[in-house]
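Data block below; observations after.
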Amino acid sequence: MPLRFYNTLTKRLEDFQPITPGEVRMYNCGPTVYSHAHIGNFRAFLFADTLRRWLEYRGFRVRQIMNITDVGHLVADADEGEDKIQVAALKQNKAPIEIANFYADAYLETSRLLNCLEPERRPRATEHISEMIAIIGRLVDKGFAYVTNGAVYYDVSKFPAYGRLSGNTREQLLAGARVEVHPDKRSPMDFALWKHDPKHLMQWPSPWSSGFPGWHIECTAMSTKYLGETFDIHTGGEDNIFPHHECEIAQTEALTGKTFVRMWMHTRYLLVDGEKMSKSKGNFHTVRDLLEKGVSPRVLRYALVSVHYRQPMNFTLEGCEAARTALQRLIDFRDRLRQAAGAGGGAPNAGFEALMEGVRTGFEAGMDDDLNVSEALGAVFTWVREVNKLTLPPAEAARALDWLGRVDSALGVLGMPGTPADPIHGTINEVEIGRLVEERQAARKARDFARADAIRKQLADQGITIEDSPQGVRWKRKV
RNA sequence: GGCGGCGUAGCCAAGUGGCAAGGCGAGGGUCUGCAAAACCCUUAUUCACCGGUUCAAAUCCGGUCGCCGCCUCCA
Numbered sequence: 001m002p003l004r005f006y007n008t009l010t011k012r013l014e015d016f017q018p019i020t021p022g023e024v025r026m027y028n029c030g031p032t033v034y035s036h037a038h039i040g041n042f043r044a045f046l047f048a049d050t051l052r053r054w055l056e057y058r059g060f061r062v063r064q065i066m067n068i069t070d071v072g073h074l075v076a077d078a079d080e081g082e083d084k085i086q087v088a089a090l091k092q093n094k095a096p097i098e099i100a101n102f103y104a105d106a107y108l109e110t111s112r113l114l115n116c117l118e119p120e121r122r123p124r125a126t127e128h129i130s131e132m133i134a135i136i137g138r139l140v141d142k143g144f145a146y147v148t149n150g151a152v153y154y155d156v157s158k159f160p161a162y163g164r165l166s167g168n169t170r171e172q173l174l175a176g177a178r179v180e181v182h183p184d185k186r187s188p189m190d191f192a193l194w195k196h197d198p199k200h201l202m203q204w205p206s207p208w209s210s211g212f213p214g215w216h217i218e219c220t221a222m223s224t225k226y227l228g229e230t231f232d233i234h235t236g237g238e239d240n241i242f243p244h245h246e247c248e249i250a251q252t253e254a255l256t257g258k259t260f261v262r263m264w265m266h267t268r269y270l271l272v273d274g275e276k277m278s279k280s281k282g283n284f285h286t287v288r289d290l291l292e293k294g295v296s297p298r299v300l301r302y303a304l305v306s307v308h309y310r311q312p313m314n315f316t317l318e319g320c321e322a323a324r325t326a327l328q329r330l331i332d333f334r335d336r337l338r339q340a341a342g343a344g345g346g347a348p349n350a351g352f353e354a355l356m357e358g359v360r361t362g363f364e365a366g367m368d369d370d371l372n373v374s375e376a377l378g379a380v381f382t383w384v385r386e387v388n389k390l391t392l393p394p395a396e397a398a399r400a401l402d403w404l405g406r407v408d409s410a411l412g413v414l415g416m417p418g419t420p421a422d423p424i425h426g427t428i429n430e431v432e433i434g435r436l437v438e439e440r441q442a443a444r445k446a447r448d449f450a451r452a453d454a455i456r457k458q459l460a461d462q463g464i465t466i467e468d469s470p471q472g473v474r475w476k477r478k479v
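Next up, the structure:
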């Protein structure tokens with residue numbers, strides 16, 4: 001079965017072929033750095049990461065660009081609202097750049113913690129002002145934009161295809177218009193490319209006024225700069241479909257006269273406890289909050305990645321616990337394979353080849369089908385159960401281990417270390433664990449089971465699980 | 001009002017015409033000093049509801065109910 005993705009633009013599954021054979025050019029809408037990223041943000045970023053990993057698994061070279069928005073993203077109405085970063089700056093009595101840098105650094109730290117691969121570039125809006133001004137100038141020259149009172153607006157009426165992505169056509173928007181028309185705008189759906197506002201903390205000179213860029217223009221400037229006028233994939237959250245991506249298409253295609261993006265992919269919203277996440281409902285989780293609550297990064301990654309990206313996901317702490325157990329099963333399995341690869345026993349298993357072929361086929365079919373991770377994981381767990389029944393000779397264990405590594409190159413969860421910052425891991429060190437394990441063994445030998453069980457409990461409280469097997473005692477850290 | 005999505009076991013979640021994957025949880029077993037891990041068995045005669053098409057529908061069509069998102073704050 002071919003690799004295929006759901007294209008928001010055509011509203012159907014399409015076989016995927018990059019423009020340049022063997023190379024995929026992909027732009028991911030990244031964070032606006034005015035506060036800490038929440039798990040909904042990271043659902044989208046983890047989707048982008050998984051998509052990149054899967055394309056690489058399939059042998060493509062992936063040129064991945066993920067932006068950082070540090071100016072222009074307005075907090076309320078697009079014309080009257082304030083810049084999100086400016087709001088945070090005023091509130092905290094800091095310069096906008098300090099706010100942006102602080103949250104950008106925090107974001108990058110979280111991204112690494114969740115095992116996201118580093119994109120080719122992370123361009124920032126404030127570092128591409130001159131490119132944006134150049135594009136705006138060309139749009140004015142071409143008649144797609146007009147200047148009033150130092151501001152520049154895109155004239156949506158000049159772009160008949162407006163609405164193709166979101167379904168919000170000009171007619172419908174006009175019919176349902178509920179926004180006061182800004183006096184400078186010709187139509188309520190026109191959007192700002194450049195704004196003039198003397199009160200704004202971030203100001204750049206331009207041919208029209210000292211001011212700052214609109215939100216949508218940054219992605220046009222940065223994506224086309226690094227990926228060309230037409231590229232393969234553009235991703236974002238479903239809320240980006242309108243207005244952000246609709247406006248990007250209008251701007252960019254008016255500018256170049258070419259198709260902007262071939263495949264638009266959007267993650268659905270994530271709900272928490274069945275409701276939209278919001279601070280007022282008390283169900284708002286930033287990634288760092290969850291880590292502080294003891295959800296380890298790899299459990300969080302597993303939980304967020306294991307649900308299909310186009311399915312509305314309901315995030316709960318109970319769900320995290322289920323994810324933790326499932327992940328523990330995979331990690332225990334891997335550890336057993338490692339041991340068997342070193343000192344396994346038994347003759348070659350008759351059905352082994354068929355099992356390997358089955359899991360590979362099933363996993364790849366799921367992932368190829370619009371990144372259906374749930375289906376792909378189903379194949380993996382079925383395989384795990386079958387392999388667990390066998391006694392593996394080293395060669396087979398090594399092959400299974402190798403395959404598990406392939407699976408994890410796409411999912412990125414097993415290779416993640418537990419982090420010291422994670423409280424469930426406790427502070428106990430290996431020397432101390434070894435001492436307690438030996439003390440417990442001595443107690444068991446003396447049939448002092450009360451003492452042995454007390455030690456086991458003590459270790460369990462530190463996140464250490466003891467397993468007495470015929471091959472000896474083992475211990476492991478909780479995932 | 002316009003656009004889009006969802007409703008599958010206690011929970012999460014695949015499956016878009018041919019006897020309902022997988023994970024978590026629960027119960028029973030094998031193993032164990034007891035556990036843990038692993039394995040075995042059980043846990044949806046049924047896919048929100050009502051009609052229709054078909055030899056055959058969770059899957060297609062029509063309708064009803066419920067939930068959610070977007071329509072210039074948001075991934």
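Residue numbering for the first sequence follows this note's numbering, starting at 1 and increasing by one per position.
All C-beta atoms in this analysis are idealised placements derived from N, C-alpha and C, irrespective of residue type, glycine included.
query                                                                                                            : result
Neighbour-count burial assignment, K389, 16 or more Cβ in a 10 Å radius                                          : exposed
Three-state secondary structure (DSSP) of N349                                                                   : coil
Close beta carbons around C219, own chain, < 6 Å, minus the five adjacent residues each side                     : E248
Cβ neighbour criterion (16 or more within 10 Å) applied to L13                                                   : exposed
D79 classed as buried or exposed, judged by whether at least 16 other C-beta atoms fall within 10 angstroms      : Low per-residue confidence applies at D79: pLDDT is 43, beneath 50, and the placement is therefore not dependable, though the value from the model is reported in the following sentence. So D79 ends up on the buried side.
Backbone CA spacing between D370 and M222 [nearest angstrom]                                                     : 26 Å
Backbone CA spacing between Y34 and W383 [nearest angstrom]                                                      : 44 Å
Alpha-carbon spacing of S374 relative to A340, whole angstroms                                                   : 28 Å
Test item: CB-CB of T8 and M265 under 9 Å                                                                        : yes
Spatial neighbours of G346 in its chain, beta-carbon cut-off 6 Å, leaving aside the 5 residues before and after  : T391, P393
Every unbroken alpha helix (DSSP H) within the segment 381-439, with a cutoff of 4 residues, ordered by chain    : 394-411
CA nearest to the CA of K225, picked from K199, F212, A134, G163                                                 : A134
Straight-line gap, F315 to V272 (C-alpha atoms, nearest Å)                                                       : 5 Å
Straight-line Cα distance separating I464 from P423                                                              : Confidence is the limiting factor: at P423 the pLDDT is only 44, short of 50, which leaves the residue's position unreliable, though a coordinate-based value still follows. Computed Cα separation, rounded: 12 Å.
Option in W403, L337, L317 with minimal Cα separation from G358                                                  : W403
Close-in-space but distant-in-sequence residues of the same chain around D232 (CB under 7 Å, 5 per side omitted) : P18, I19, V24, R25, M26, R262, M263
Close Cβ partners of G30 (< 6 Å) along its chain, the five nearest in sequence each way excluded                 : M66, N67, I68
Contact under 9 Å by Cβ, G237 with A44                                                                           : yes
Contact belief for A250 with F159 at Cβ below 8 Å, rounded distance in angstroms                                 : 5 Å
Nonlocal neighbours in the same chain, by C-beta distance under 8 Å from P2, ignoring five residues either side  : D15, F16, D368
Through-space distance from T148 to L114, alpha-carbon basis                                                     : 45 Å
Assumed close pair V287, F42 - CB separation to whole angstroms, cut-off 8 Å                                     : 6 Å
Identity of the residues DSSP links to L271 by a beta bridge                                                     : K276, N314
Local Cβ density within 10 Å of N429, reported as buried at 16 or more and exposed below that                    : exposed
CB contact flag (E396, F333, <9 Å)                                                                               : no
Neighbour-count burial assignment, S130, 16 or more Cβ in a 10 Å radius                                          : exposed
The segment 88-95 contacting the segment 180-195, beta-carbon criterion three pairs below 8 Å                    : no
Beta-carbon spacing of P96, L201 below 9 Å                                                                       : yes
Sub-9 Å separation of A192 and G163 beta-carbons                                                                 : no
Residue from V479, R440, E98, R444 with nearest C-alpha to Q458                                                  : R440
Selected residue, minimal CA-CA separation from D239, among H196, S166, R338                                     : S166
Given 8 Å, three or more beta-carbon pairs between the segment 104-114 and the segment 284-303                   : yes
Which of helix, strand or coil DSSP assigns to V62                                                               : strand
Beta-carbon proximity of L401 to L337, cut-off 9 Å                                                               : yes
Residue range of the beta strand (DSSP E) that includes V152                                                     : 151-154
Strand pairing of N283, partner residues [DSSP]                                                                  : N283 pairs with nothing; no bridge assigned.
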